[in-house]
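S.K.: In this note's numbering, the protein residues as written are 1 to 102.
Every residue, glycine too, gets a C-beta built ideally from N, C-alpha and C.
One structure, as structure tokens, below. Some questions next.
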Amino acid sequence: MAVPEEQRYSGTTFAVQEEDHTLANTLRFFLNKNPQVTFCGYSIPHPTEDAVNIRVQTTGEVTASQALVGACEECAKVCRHTRAVFDNALDRFKQQNPTQGQ
């Protein structure tokens, strides 16, 4: 991910390579939950490009970079929790159905 020189400012557009709507929309969701974020949106520059531009505008209490990092951390936390819940459910299923889990 390219972090522009203006990373200390409250408004920044981040160019994220090799990503698409999946990550961009997820980050937009977490960014918009942050009360210090006043605007967040993303665009795909061109359908054939494997990149997204994510625009983050904050109140100035935190930088756009800090808000984006926080959203990434929240996303990772949800992924870890989801994986743990799935793994636990799979383990329970295998214990209750020893012949079906193969």
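1. Quick one: Cα of PHE39 to Cα of THR63, how far?
2. Taking 8 Å as the limit between beta carbons, can you name the residues of its chain near ASN32, skipping five residues before and five after?
3. Cα-Cα, which of TYR42, VAL56, ARG83 and HIS81 is closest to LEU23?
4. Tell me the rounded alpha-carbon separation between GLY70 and PHE30.
5. Quick one: measure Cβ to Cβ for VAL16 and VAL52, integer angstroms, because I've assumed they're closer than 8 Å.
M.R.: Concretely, from the data shown:
1. Residue 39 sits at position 39 when you count from the first residue of the sequence shown. Residue 63 sits at position 63 when you count from the first residue of the sequence shown. So the alpha carbons of these two residues sit roughly 13 Å apart.
2. Working through the sequence shown from its first residue, we reach residue 32 at position 32. So the list reads CYS40, once near-sequence residues are dropped.
3. As a first step, residue 23 is located in the sequence shown; it is residue number 23 there, counting from the start. When only C-alpha atoms are compared, the closest one is TYR42.
4. As a first step, residue 70 is located in the sequence shown; it is residue number 70 there, counting from the start. As a first step, residue 30 is located in the sequence shown; it is residue number 30 there, counting from the start. Their backbone Cα atoms lie some 9 Å apart in a straight line.
5. Within the sequence shown, the letter at position 16 stands for residue 16. Within the sequence shown, the letter at position 52 stands for residue 52. Yes, they are in contact, since the Cβ atoms of VAL16 and VAL52 sit about 5 Å apart, within 8 Å.
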